[in-house]
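Working notes, beginning with the structure itself.
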Amino acid sequence: MNTVQLECFIAVAEHLSFSKASKALKITQPAVSHQIQTLEEELETKLFRRTSKSVTLTQEGILFLADAHLILRTAFSAKERLQMQERLIPFELGCHNRTELNLLPPILKQLSKEFPLLRPSIRLVPFPSLLSLVENNQIHAVLGIKRRAEKILPYFKELCQVPMACICSPEHPFAQFQTLTREQLTGNFIACSPRQIPDSVFSVQSGILVDLSPERRFLTESMESALALVKAEIGYTLYPDIPQAREPGLCYLPVTDLPKISFGIYCSQDRSHPVLKRFLALISQYLNPTVSG
1 MNTVQLECFI
11 AVAEHLSFSK
21 ASKALKITQP
31 AVSHQIQTLE
41 EELETKLFRR
51 TSKSVTLTQE
61 GILFLADAHL
71 ILRTAFSAKE
81 RLQMQERLIP
91 FELGCHNRTE
101 LNLLPPILKQ
111 LSKEFPLLRP
121 SIRLVPFPSL
131 LSLVENNQIH
141 AVLGIKRRAE
151 KILPYFKELC
161 QVPMACICSP
171 EHPFAQFQTL
181 TREQLTGNFI
191 ACSPRQIPDS
201 VFSVQSGILV
211 DLSPERRFLT
221 ESMESALALV
231 KAEIGYTLYP
241 DIPQAREPGL
251 CYLPVTDLPK
261 ISFGIYCSQD
271 RSHPVLKRFL
281 ALISQYLNPT
291 VSG
């Protein structure tokens, strides 16, 4: 059973005429007759009564008409979905932690308005793994802090220079200050595993760790874990401060004598993806609202 057979059956049932059905379908009358004959043979029943003067549906034909409409609608609906799938625009993005993930919703909201067929996907995985996916063209763009050029890396577009900030709870003694200096950083410090953060950030964190006694050191597996301990008022941590990505309920205090960090996007050298150029423009405007697009 195929859609041509069903279309012919429905057309003859509606017109009760093989000649009118052939005109409506724009195929020959013998072709219509052949399709009905093969359908009847497959169903092992007669669907029409034919005389020299009239064509009428049999009882079986009347029962099958509703099924034929349903099968045909299902087939056409499936075809439309598959054709739509071919027109969809996949867009693979990557983030290293929830801080970076917080930047994406307003950008994706605007992109989805401009590109209704956009189907974004976001991967949240450790730092080195994501860059490998960009190099292998498995991800279109990855948000992140610029790494030291140990080897050839994907194209990096800097979005902003951000200060290293002391992140603490509102109840922490540091919360009374607007800014801090390196010398003021005392007390329990929460660092992140070097496997989960770029070396430029870990070098700053490790510089704090070495000056602390063991009971003041806390090492976590991810920035999410570090921020959870900060919220628990166990200590403070250091991380680049991107205002639009701040975790609600925490204090971010720039450490004025620590070097700023370059934050941006890694993507492949081939930037021909239909959405990537617009994504780069939107997130650049979002992080630098005073700069016109």
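Just so we're aligned: the sequence shown equals residues 1 to 293 in UniProt numbering.
Note that CB positions come from ideal geometry on N, CA and C, so glycine has one too.
Distance CB(residue i)-CB(residue j) smaller than 8 Å
{"i": "Q244", "j": "L280", "result": "no"}
{"i": "V142", "j": "I234", "result": "no"}
{"i": "S262", "j": "Q161", "result": "yes"}
{"i": "F115", "j": "V275", "result": "yes"}
{"i": "S225", "j": "I145", "result": "no"}
{"i": "V12", "j": "F64", "result": "no"}
{"i": "V204", "j": "L258", "result": "yes"}
{"i": "E7", "j": "L70", "result": "no"}
Buried versus exposed, by CB contacts within 10 Å (16 or more), residue i
{"i": "P154", "result": "buried"}
{"i": "G293", "result": "Confidence at G293 is low in this model, with a pLDDT of 44, below 50, so its placement is unreliable and no value can be given for it."}
{"i": "E221", "result": "exposed"}
{"i": "S206", "result": "exposed"}
{"i": "T237", "result": "buried"}
{"i": "N137", "result": "exposed"}
{"i": "N97", "result": "buried"}
{"i": "I139", "result": "buried"}
{"i": "L88", "result": "exposed"}
{"i": "G187", "result": "exposed"}
{"i": "I62", "result": "exposed"}
Residue i versus residue j - alpha carbon distance
{"i": "I36", "j": "G94", "result": "55 Å"}
{"i": "P248", "j": "I167", "result": "11 Å"}
{"i": "L103", "j": "L212", "result": "33 Å"}
{"i": "V134", "j": "P120", "result": "16 Å"}
{"i": "F177", "j": "L131", "result": "37 Å"}
{"i": "T290", "j": "M223", "result": "29 Å"}
{"i": "K277", "j": "E42", "result": "55 Å"}
{"i": "A175", "j": "E92", "result": "38 Å"}
{"i": "R271", "j": "E40", "result": "56 Å"}
{"i": "Q5", "j": "H34", "result": "9 Å"}
{"i": "K79", "j": "N2", "result": "13 Å"}
{"i": "P194", "j": "L118", "result": "35 Å"}
{"i": "A24", "j": "P30", "result": "14 Å"}
{"i": "L159", "j": "Q285", "result": "9 Å"}
{"i": "Y239", "j": "A165", "result": "6 Å"}
{"i": "S52", "j": "K113", "result": "60 Å"}
{"i": "A232", "j": "R217", "result": "15 Å"}
Where residue i sits in the DSSP three-state scheme
{"i": "R50", "result": "strand"}
{"i": "P214", "result": "helix"}
{"i": "A191", "result": "strand"}
{"i": "T220", "result": "strand"}
{"i": "E92", "result": "strand"}
{"i": "L101", "result": "helix"}
{"i": "A68", "result": "helix"}
{"i": "V275", "result": "coil"}
{"i": "S112", "result": "helix"}
{"i": "L117", "result": "coil"}
Inter-residue CB distance, residue i and residue j (contact presumed, cutoff 8 Å)
{"i": "A191", "j": "L209", "result": "6 Å"}
{"i": "Q110", "j": "L282", "result": "6 Å"}
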